[in-house]
Each structure stands twice: as structure tokens, then as C-alpha cells.
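Asker: Take this structure, written in C-alpha cells, and hold onto it; I'll ask about it next.
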Amino acid sequence: MSFYFVSTKDVAKELNTNIEQGLTTNEAHKRQGQYGDNVLPTDKGVKWWDVLIDQFRDFMVLVLLVATLISGLLGEYTDAVTIIAIVFLNAILGFYQEYKAEQSLDALKQLTAPKSWVIRDNQYQEVYALDLVPGDVVFIDTGSRVPADLRLIEEQGLEITEAELTGESVPVKKHTDTLNFYPDSTGDISNMAFMGTMVSKGTAKGVVTGTGQDTEMGQIAYMLSEKDDAEETPLQKRLAYLGKILVTVCLVVCLLVAILGIFRGEPVYKMFMAGVSLAVAAIPEGLPAVVTIALAVGVQRMMKRKALVRKLPAVETLGSATVICADKTGTLTTNEMKVDEIYAPDEPEALKMCHKIAILCNHSVYEEGRGIVRGEPTEKALMAKALDEGYSPDQLLTYYSFLDELQFDSDRKRMSVFYQIDGKGWESQESILLVTKGAPEMILPRCTQIHGDKAPQKLTESKSQEIFKENENMANNALRNIAMGYKYITREQYERYKHNLADLESQLTFVGIIGLLDPPREKVKYSITRCLRAGVKTKMITGDHKATAVAIAKKINLLNEENGKVMEGKELDNISDDKLAQIIDRIKVFARVSPKHKLRIVTALKRQGNIVAMTGDGINDAPAIKSADIGISMGVTGTDVTKGAAELILADDNFATIESAIEEGRGIYDNIKKFIKFLLACNFGEILTMFFAMLIGLPLPLKPIQILWVNLVTDGFPAIALGVAPKEDDLMQRKPKSPQESIFSGGLFESIVGRGFLISLVSVFAFMRGLEFTPHSIDFARTMAFSTLVVSQLLFVFECQNLKGGFTLSKIFKTPQVMGAVLLSFALFCAVIYLEPLATIFDTYRLSWEHWSVIFVLSLIPTIISYLLKQIPRILTIK
């Protein structure tokens with residue numbers, strides 16, 4: 001039922017309650033059993049075992065588990081134990097980061113309205129908010145959070161800030177009358193108070209019409225469950241695709257080897273062992289762990305920048321973003337009213353008087369000890385500005401004593417306060433000061449003078465028109481304008497009109513107009529510009545009015561006369577999803593939109609192939625945040641529902657942090673491509689080494705445990721170093737990568753195949769030379785192949801530091817961790833050769849300096865050939 005369309009009497013009848021006496025306790029308990037607790041259907045929290053199980057659902061991890069099973073069945077227990085250890089190491093790393101993020105999120109959650117005052121059994125009672133039921137009669141006042149959806153039945157100057165629900169920063173004035181029009185949005189329903197919103201001014205009594213899921217906020221929270229949580233990120237999709245390619249390659253090569261072996265009459269067991277060796281060579285066992293470590297390091301870097309990542313892959317996904325959909329209130333703006341402009345025709349005297357009136361005609365309270373101002377947003381802003389200008393409320397009030405007040409209401413649109421001027425007795429002329437503030441259209445017509453340097457001057461018609469014109473210009477910039485005026489009166493006048501003080505609000509002296517605005521956050525303008533240069537577009541999505549949205553958009557360079565269009569929610573209702581998808585790229589600002597509109601916008605952007613990041617703080621943002629490729633919530637002002645829907649939480653609510661996160665994400669993806677290039681080229685070289693040797697009738701040049709050592713130790717440390725290396729300087733000058741872009745793009749595939757081919761050739765040649773040196777010792781030949789494979793791969797690490805270029809000395813000195821990883825891997829490899837226990841396990845042969853000279857010469861060949869091939873295009877260009 002739409003309770004805002006019916007009278008308060010009919011509401012009470014419909015809900016079977018008594019407005020004066022409330023429900024009985026027994027009836028309340030009965031209804032709680034019927035309707036349930038008054039809690040939102042939010043995420044119940046993530047269990048640690050769910051986070052742990054998620055680590056084993058990655059396709060590459062499943063491939064490794066299958067490899068473990070096969071190795072165990074074939075009796076290769078050392079291989080099986082080693083692989084399963086790597087799988088669990090990867091799981092522990094991923095679990096630690098993601099569960100730590102969930103615990104940090106729990107620490108960010110804030111308590112909201114735990115108790116409420118109600119009438120039950122004809123008595124005032126304080127009950128827990130979760131125990132409220134439809135029909136309860138509830139009291140709310142300034143500073144309290146509305147505990148449930150209420151139909152207002154009494155109110156005294158009630159104003160409610162609904163930014164968390166509608167996105168509008170300006171408090172909404174409430175009343176108890178029945179609506180006689182159909183509201184366009186929740187923000188237009190002015191005779192109800194909605195769960196989770198904040199009372200900024202006044203008091204009220206209301207009947208609970210909905211609790212929990214049946215509230216406006218509850219409906220939005222319920223919408224979150226309609227989205228499938230299992231949707232993969234771009235990185236997960238790319239890695240799953242890579243895993244399938246590796247499995248396919250492995251199966252094809254194993255099949256070819258089996259056919260060759262059977263054709264040549266090889267024993268079946270030998271072919272099984274060859275298959276296991278090839279499978280171990282084809283699968284980069286360390287890849288999942290290296291990806292996890294790279295993402296985890298990225299998470300740590302972002303936490304230092306006040307960004308909390310709940311899911312590791314979200315770091316890279318943000319780096320892929322092509323569009324940021326940003327909520328205006330609380331995301332692009334501070335969600336705090338501030339004085340933006342002051343129009344005072346006679347500066348500086350008029351400015352001084354403006355600030356005095358701002359203090360005297362004000363209900364907000366300044367706590368000097370704590371340095372904070374409490375009160376309604378507009379009055380807080382006026383007081384804060386006066387304080388910034390050096391005015392002291394305590395000092396000013398030593399000259400004035402409060403007498404009376406005419407309160408602001410929606411009809412008067414002004415507030416006036418009367419003060420006795422201390423030091424002037426009641427018998428003195430003009431001993432009372434009347435100060436007033438309000439809407440310019442209500443104040444200016446009541447003014448006959450304008451504040452002057454020495455004395456008030458007559459307010460002429462031309463000057464009045466000038467003031468109205470200035471007011472219009474300020475309003476067009478989405479400023480909320482407050483006009484200031486004053487008047488000195490005598491005791492006789494005050495006494496004569498004491499019972500009708502409003503009659504004294506005439507023949508006022510005009511002082512000036514103060515324009516207030518919810519200002520943009522610091523660095524937002526710079527961040528939006530930098531994102532645009534990086535090919536990432538920003539769109540403002542807000543429930544606020546069009547004029548306000550446009551003004552803010554212009555201030556932050558999001559919108560100008562030549563670039564971009566504005567669309568309101570009612571226009572969205574009149575176009576199809578197909579039409580929206582066609583025109584959405586040209587629209588920069590969406591105003592007066594509902595949560596369902598936000599979902600449509602995100603969906604339309606995704607249909608166009610965009611990777612969408614959605615930011616916000618209010619519960620009205622939560623469904624769109626969850627629908628986006630990556631949801632970003634404000635950590636301080638964000639609701640629990642919004643935080644639960646997001647992958648990334650900004651602990652400092654700073655939009656500029658998103659720009660840093662995008663750069664970090666791009667850097668991580670760059671590093672992932674670098675170590676994938678390194679690992680896969682090395683693995684491909686191992687496959688071809690085994691394949692070519694068997695193709696020409698040679699024994700297996702490498703044992704499975706030797707290949708496993710190369711994949712996990714020799715390649716593992718350098719791959720990790722590549723994954724955590726500092727990001728490139730030009731990341732934010734590049735365009736976003738296409739969502740459809742292969743992980744092998746940019747010449748990566750050719751580089752992997754080419755280097756793998758060269759590594760295999762020198763490794764097979766080293767194996768053949770080893771067989772020639774000692775025909776009766778297969779271990780020596782394998783050690784030669786093993787060593788050549790390792791050294792050639794370690795030299796390749798330095799080339800992988802630059803995706804586009806090749807080997808550069810400058811890169812080596814900029815990334816000492818890579819050099820350290822190479823030296824560590826080589827030292828551990830030497831231990832495998834020269835330490836007796838390890839040499840026995842790996843069946844290696846002690847090498848001499850003569851052997852090492854051959855190995856290093858062979859290992860340099862792929863690097864030299866690669867360098868020469870890269871010079872050919874440059875030589876041709878010069879010619």
C-alpha cells in the first residue's frame with residue numbers, strides 16, 4: 001500500500017494501531033513473529049572456510065591437482081608431494097589476503113540506530129530498533145537515524161537528509177499532509193521518513209509502515225541478491241583460458257610422443273614416464289602462486305594508499321576499467337555544505353555584517369574545545385565560514401542578549417531573531433537588533449535599504465534588479481542562496497508587535513547573499529583529467545537535481561558546452577535498453593536517477609564492451625556497485641550494504657585514490673604479462689627439449705624432478721621478482737586494454753614461442769655434447785642439458801623486464817630485486833649440483849669450469865639472436 005497517498009487516520013486504520021496509545025506489548029511480539037526482525041537482508045558475513053575453498057576453484061589449480069594425482073598413480077611421489085605443496089602454498093597466500101580484507105571490512109562497519117523511542121501500552125518506551133514492527137508509533141529527533149519506514153503523523157520543523165537513499169545532499173523538509181501527486185522518486189515523498197536516513201533538524205512522530213526487507217532500503221538490499229556472485233573477473237577469465245591452452249598443448253604433445261614411441265616399438269611404461277615428464281614440463285606449476293603473490297603485493301601497496309581490496313583479482317580488474325560511474329554526493333563531493341560564494345555589494349563592511357548575522361541567526365552549536373560545529377548542514381556551513389573569518393560566537397554574544405525568534409518554515413522561507421543590544425537600556429532608541437536570513441526572493445522584497453560603508457543607503461530599483469540578477473547567476477551555478485538582512489527597532493515597536501513579530505520583518509536593510517554548495521572533493525578535478533588521458537571516462541550518476549549535478553560536473557571539468565550531455569531519470573524511463581546502449585557513450589551526467597536506473601546504466605555500459613567501475617557510499621548505490629565489474633565503496637560514509645557489495649573500499653573516501661588504484665592495477669597486469677612471458681617461454685622450451693630429443697631417438701634429456709625444480713625454484717624466484725617489480729612510468733599515458741584482448745597480445749605469443757624454441761635447441765645440443773663427452777653416463781649429459789636450460793632461462797629474465805624492448809642495463813639497476821632473484825636461483829641450482837644429498841636426489845653430475853664455459857656460451861646464444869632480431873626493424877627504418 002502507498003501510505004503517502006492516504007491520511008494519517010486511514011494509515012492507523014490500515015495498520016490496526018492507535019496513534020495515541022500505540023500497540024500493546026503482546027501485539028508487538030505477535031507482529032514480530034509475523035514480519036521478522038527489523039534488519040536489512042545484507043551479507044551475513046564471509047566464513048573463513050568459504051574463503052579457503054575459493055582458493056581451489058581456479059582452473060590452473062585444478063590442473064595442478066590432476067597432475068598431482070597422475071604423478072602419485074605412477075609412483076612419482078616426490079613430484080606429487082612437491083606439486084601439492086605448491087598448491088597449498090598458493091591457497092594459504094590467497095586465503096590470508098582475502099580473509100584479512102574481510103576482517104578489515106568488519107572493523108569499518110558502524111552501528112546505526114540501535115534503539116528507538118516508541119509508544120507501547122500507552123507509555124513511552126525505549127526498545128531495540130530490530131524489535132520494531134509495522135504499527136509501532138515512533139519518535140525521531142535531530143541527530144537520530146530513522147529506524148524504519150514511517151508515515152509521519154506529527155512534525156515540528158522536521159528536515160531529513162536522505163543522501164544515503166536518494167543521493168541528494170540537501171535536507172528534505174517533511175510534512176504530514178497526504179500527497180496529491182504521484183512522486184517521481186523517493187526524494188519527492190515528503191510525508192514519510194525512510195529507514196537509514198538522518199534527521200538533520202526538528203522532531204516528529206510517525207507510524208511504522210515497513211521494517212527490514214519491506215522498507216525502501218530493504219528493497220534495494222534485496223536487489224543485490226539478484227546478481228550472480230560467481231561472475232569471473234577479466235584476469236580470471238584470461239588465466240582460465242591460458243590454463244585450457246596449456247592442457248590442450250600438453251595432451252597434443254603427449255599424444256604425439258605416444259604415437260612416435262609406439263611406432264618405434266618403445267615400452268609402454270617408458271611412454272608413460274615420457275608423458276608424465278611432458279605434462280610436468282607443460283604446466284607452469286608456480287604460475288598460480290606467482291599471480292597470487294603479485295596481486296597480494298598490489299593489495300599491500302593499495303592499503304598504504306587507503307584502499308582496501310576485498311578480492312585479489314579486483315586489483316587487476318580496476319586496471320582494465322574503461323568507465324568509472326561515480327555517485328556525486330559523498331564521492332565526487334564532500335557531502336558537506338560549504339560557503340562557496342558571497343555577494344556583498346558594499347565590501348568589506350557588508351561582509352563583516354554577513355558573518356555577524358550568520359552567527360546570530362543560527363541554531364548550530366560550536367564546541368570550541370573540540371573544534372567542531374554541530375547542527376543542520378546549512379547553518380553549520382554559515383557558522384564554519386564565520387569562524388574561519390575570525391569571528392567568535394561567544395565574544396559576539398557578549399554584546400547581544402536573545403529575546404525572541406521567528407522560526408524558518410516552508411511557507412515563510414526565512415528565519416528572524418531579536419536581540420537586546422547590551423549597553424543600551426530599554427529606554428534607548430533602537431535598542432533591539434532584528435537579524436534575518438532566508439530565501440532571497442523572500443528577503444529582498446522586504447528590504448528598503450542596503451548596507452553602506454557609514455550608513456544604510458536607499459535600495460533603488462536598479463540596485464534591486466542588480467541583486468536579483470546576481471542571485472540568478474549564483475543559482476545557475478547550483479548554489480543554495482541565503483540572503484541576509486537586519487533592522488534596528490525600538491522597545492516600543494517590539495512591545496507593540498510582540499504577539500505578531502512577523503510584521504516587523506519589513507523595511508529591512510539588505511546586506512548580501514551567501515551561496516552554499518556541497519563542494520567537490522580535493523584533487524577530484526585533477527584525477528578525472530588524468531583518468532581521461534589514460535582512456536578512462538568518468539560519468540556522474542546522482543539522485544540530485546539536474547542543475548546541481550551540472551554545476552558540479554562543470555566545476556570538475558566533467559562537462560562543458562562542447563562535450564557531453566545530461567540525462568534525467570524520467571528520460572531514462574522513456575527509452576529502451578537498446579537505445580540507451582547506443583547513446584550512453586555521449587552522456588556524461590545522469591541526474592534524478594533511482595537505484596534501478598543506476599543498474600540500467602551499468603548494464604548498458606557493459607553491453608558496449610566496457611569494464612565498468614561503480615563508486616558510491618549510500619545504499620542507493622549498492623545494486624549498481626554489485627552489478628559493475630568492480631564496485632567501489634566509501635569506507636567512512638559508506639553503508640554496510642554498500643561495503644558488502646563492493647570489491648574495493650576507499651578507507652579515506654577519496655575519489656583520487658581510484659586513480660592511483662587504476663595505475664596500480666595496470667602495473668600489476670603489466671607485471672603478470674612479464675612473468676607469464678618468462679614462465680611460458682621457459683615451459684615451452686622444456687616441452688620442445690623433451691620432444692626434439694625423443695623425435696631424433698635420444699633418451700629423455702631431463703627427469704621429471706629436474707623439470708619440477710626448474711619450474712618451481714629456478715623460474716619461481718625470478719617470476720615473483722617480476723611480479724612485484726615497480727610499475728612503468730607511462731602507465732597512465734596508455735589507453736585501457738580491450739576486455740577482449742588476449743593475454744598473448746602485443747607480440748607476447750611470438751616472443752614465447754621464439755625464445756622457447758631457441759632455449760630448446762641449445763639445451764638439446766648441450767645434451768648431445770654431454771653424451772659425446774661421456775657416452776656411458778646419462779647423468780652427465782642430463783646435467784649439461786639441465787644447466788644450459790637453467791642458465792639460458794635466467795638470462796631471459798632480464799629481457800622480460802621490458803615487454804616491448806629487450807635487454808637494458810638501466811632496467812637491471814632500477815630493479816635490484818630481479819637481479820637478487822636471479823643470483824638466488826643460480827646459487828640454489830649450484831647446490832643441486834655440488835651438494836651431495838641434493839645431487840643424489842636430482843641425479844646430477846659435478847661440473848668443471850670447462851663444462852661451465854660451454855654452458856654459458858650456449859646459453860648466451862638465444863639472448864644474442866633475440867637482440868639481433870630486434871635491431872632489424874631499426875636498421876630498416878634508418879635506411
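Under UniProt numbering, think of the first position of the sequence shown as 1, with each following residue one higher. All C-beta atoms, glycine included, are put in the ideal place defined by N, C-alpha and C. These figures come from a predicted structure and were not determined experimentally.
#1: Mind listing, in chain order, the continuous alpha helix (DSSP H) runs of no fewer than 4 residues lying wholly within the region 111-154?
#2: Which residues in the same chain as residue 670 place their Cβ atom closer than 8 Å to its Cβ, once the five residues preceding and following it in sequence are excluded?
#3: Give a yes or no on whether the C-beta atoms belonging to residue 309 and residue 650 are separated by under 7 Å.
#4: When the distance is taken between beta carbons, is residue 564 closer than 7 Å to residue 736?
#5: For residue 107, which residues of its own chain have a beta-carbon under 8 Å away from its beta-carbon, when the five flanking residues on both sides are left out?
#6: Would you mind working out which of 344, 331, 510, 395 sits nearest residue 653, comparing C-alpha positions?
#7: Specify the secondary structure class of residue 249 as computed by DSSP and reduced to three states.
#8: Ordered along the chain, which non-local residues of its own chain (more than five positions away) have a Cβ less than 6 Å from that of residue 774?
#9: Mapping the DSSP letters down to three states, classify residue 66 as helix, strand or coil.
#10: Does the beta-carbon of residue 709 have 16 or more other beta-carbons within 10 angstroms, so that it is buried, or is it exposed?
#11: Can you tell me whether residue 138 is buried or exposed, with buried defined as 16 or more other CB within 10 angstroms of its CB?
#12: Evaluate the contact criterion for the region 660-667 versus the region 678-694: three or more CB pairs, one atom per stretch, below 8 Å.
#13: Using the three-state DSSP reduction, which class does residue 840 fall into: helix, strand or coil?
#14: Does the beta-carbon of residue 373 have 16 or more other beta-carbons within 10 angstroms, so that it is buried, or is it exposed?
#15: What residue range is occupied by the uninterrupted alpha helix (DSSP H) comprising residue 706?
#16: Which of helix, strand or coil does DSSP assign to residue 736?
#17: Are three or more beta carbon pairs between the region 198-211 and the region 9-16 nearer than 8 Å?
#18: Does the beta-carbon of residue 674 have 16 or more other beta-carbons within 10 angstroms, so that it is buried, or is it exposed?
#19: Counting only beta-carbon separations shorter than 7 Å, does residue 4 have a partner in chain D?
#20: For residue 5, I'd like the list of residues in its chain whose CB is within less than 8 Å of its CB, leaving aside the five on either flank, ordered along the chain.
#21: Run through DSSP, which three-state label would residue 882 get?
#22: Quick one: residues in its chain with C-beta nearer than 6 Å to the C-beta of residue 353, no 5 flanking neighbours on either side, listed in chain order?
#23: Pick helix, strand or coil for residue 601, following the three-state DSSP scheme.
#24: What is the residue span of the beta strand (DSSP E) that residue 845 lies within?
#25: In chain order, what residues of the same chain have a beta carbon less than 8 Å from the beta carbon of residue 146, not counting five sequence neighbours either side?
#26: Taking 7 Å as the cut-off, decide whether the C-beta atoms of residue 464 and residue 436 are in contact.
#27: Quick check on the DSSP output: what are the complete alpha helix (DSSP H) runs of length 4 or more inside the region 364-395, in order along the chain?
#28: Could you check the C-alpha separation between residue 584 and residue 529 for me, to the nearest Å?
#29: What span of residues does the beta strand (DSSP E) with residue 510 cover, start to end?
#30: Could you check the C-alpha separation between residue 485 and residue 646 for me, to the nearest Å?
#31: Thinking C-beta only, is residue 422 closer than 7 Å to residue 401?
#32: Are the Cβ atoms of residue 327 and residue 541 separated by less than 7 Å?
#33: Considering residue 342, what are the terminal residues of the beta strand (DSSP E) in which it resides?
#34: Should the region 816-826 be regarded as contacting the region 786-799, the criterion being three or more beta carbon pairs within less than 8 Å?
#35: Residues in its own chain within less than 7 Å of residue 341 by CB, not counting five upstream and five downstream?
#36: Below 6 Å CB to CB, which residues in the same chain sit around residue 720 once its five sequence neighbours on both sides are set aside?
Answerer: By the coordinates alone:
#1: Listed in chain order, there is nothing to give.
#2: In the sequence shown, the residue the question calls residue 670 occupies position 670. Only 727, 728, 731, 803 meet the Cβ criterion.
#3: Here residue 309 is taken as the residue at index 309 of the sequence shown, counted from 1. Here residue 650 is taken as the residue at index 650 of the sequence shown, counted from 1. No; because the gap between Cβ atoms is not below 7 Å, this pair is not in contact.
#4: Position 736 of the sequence shown, counted from the start, is the residue given in the question as residue 736. Position 564 of the sequence shown, counted from the start, is the residue given in the question as residue 564. No, they are not a contact pair.
#5: For the purposes of this step, residue 107 is taken as residue 107 along the sequence shown, with counting starting at 1. Caution applies to residue 107, whose pLDDT of 46 falls short of 50 and renders its modelled position unreliable; the model cannot decide the point.
#6: Taking the sequence shown and counting its residues from 1, the one referred to as residue 653 is at position 653. Taking only the C-alpha atoms, the option nearest residue 653 is 331.
#7: Indexing the sequence shown from 1 puts residue 249 at position 249. Of the three classes helix, strand and coil, the one that applies to residue 249 here is helix, per DSSP.
#8: Counting from 1 along the sequence shown, the entry for residue 774 is found at position 774. If we look at residue 774 and ignore the five residues flanking it on each side, its Cβ neighbours are 780.
#9: For the purposes of this step, residue 66 is taken as residue 66 along the sequence shown, with counting starting at 1. Of the three classes helix, strand and coil, the one that applies to residue 66 here is helix, per DSSP.
#10: Position 709 of the sequence shown, counted from the start, is the residue given in the question as residue 709. Residue 709 comes out buried.
#11: Counting from 1 along the sequence shown, the entry for residue 138 is found at position 138. Looking at its Cβ environment, which holds 16 or more other Cβ atoms inside 10 Å, residue 138 is buried.
#12: With a cut-off of 8 Å, the region 678-694 and the region 660-667 do not count as touching, because too few Cβ pairs lie within range.
#13: Sequence index remark: in the sequence shown, residue 840 carries index 840 (1-based). Under the three-state reduction of DSSP output, residue 840 falls in the helix class.
#14: The residue you call residue 373 lines up with position 373 of the sequence shown. Burial call: buried.
#15: On the sequence shown, position 706 is the one that residue 706 refers to. Counting along the chain, the alpha helix (DSSP H) containing residue 706 begins and ends at 704-709.
#16: In the sequence shown, counting from the first residue as 1, residue 736 sits at position 736. Residue 736: coil per DSSP, three-state reduction.
#17: Under the Cβ criterion (8 Å, minimum of three pairs), the region 198-211 counts as touching the region 9-16.
#18: Translated into the one-based positions of the sequence shown, residue 674 becomes position 674. Answer is buried; the Cβ neighbour count reaches 16.
#19: Protein chains in the displayed structure number just one, and chain D is not present.
#20: Position 5 of the sequence shown, counting from 1, holds the residue named residue 5. The residues are 178, 179.
#21: With the chain represented from 1 up to 879, any question about residue 882 goes unanswered, as that position is not in the structure.
#22: Start at 1 with the first residue of the sequence shown, and residue 353 comes out as number 353. Within the same chain, residue 353 has close Cβ partners 451, 511.
#23: Mapped onto the sequence shown, residue 601 falls at position 601. DSSP, reduced to helix, strand and coil, places residue 601 within a helical segment of the structure shown.
#24: Locating residue 845 in the sequence shown gives position 845, counting from the first residue. It is not in any beta strand (DSSP E) - residue 845 carries neither H nor E in the DSSP assignment.
#25: Looking up residue 146 in the sequence shown gives position 146. Same-chain partners within the cutoff: 113, 140, 160, 193, 194, 195, 196, 197, 198, 199.
#26: Within the sequence shown, residue 464 is the residue found at index 464, counting from 1. Within the sequence shown, residue 436 is the residue found at index 436, counting from 1. No, they are not a contact pair.
#27: Within the region 364-395, the complete alpha helix (DSSP H) runs of at least 4 residues are 377-388.
#28: Your numbering for residue 584 matches position 584 in the sequence shown. Your numbering for residue 529 matches position 529 in the sequence shown. For residue 584 and residue 529, the distance between alpha carbons rounds to 20 Å.
#29: As a position in the sequence shown, residue 510 is number 510, starting the count at 1. Residues 508-517.
#30: By one-based count along the sequence shown, residue 485 stands at place 485. By one-based count along the sequence shown, residue 646 stands at place 646. When rounded, the distance between both Cα atoms is 48 Å.
#31: Here residue 401 corresponds to residue number 401 of the sequence shown, with the count starting at 1. Here residue 422 corresponds to residue number 422 of the sequence shown, with the count starting at 1. Yes, Cβ-Cβ distance for residue 401 and residue 422 is below 7 Å.
#32: Indexing the sequence shown from 1 puts residue 327 at position 327. Indexing the sequence shown from 1 puts residue 541 at position 541. In this structure, residue 327 places its C-beta atom within 7 Å of the C-beta atom of residue 541.
#33: Against the sequence shown, residue 342 aligns to sequence position 342. Here the beta strand (DSSP E) through residue 342 covers 338-343.
#34: yes
#35: For this step, residue 341 is matched to residue 341 along the sequence shown. Hits under 7 Å: 474, 479, 515.
#36: Residue numbering aside, residue 720 sits at position 720 when the sequence shown is read from its first letter. So the qualifying residues of the chain are 290, 293.
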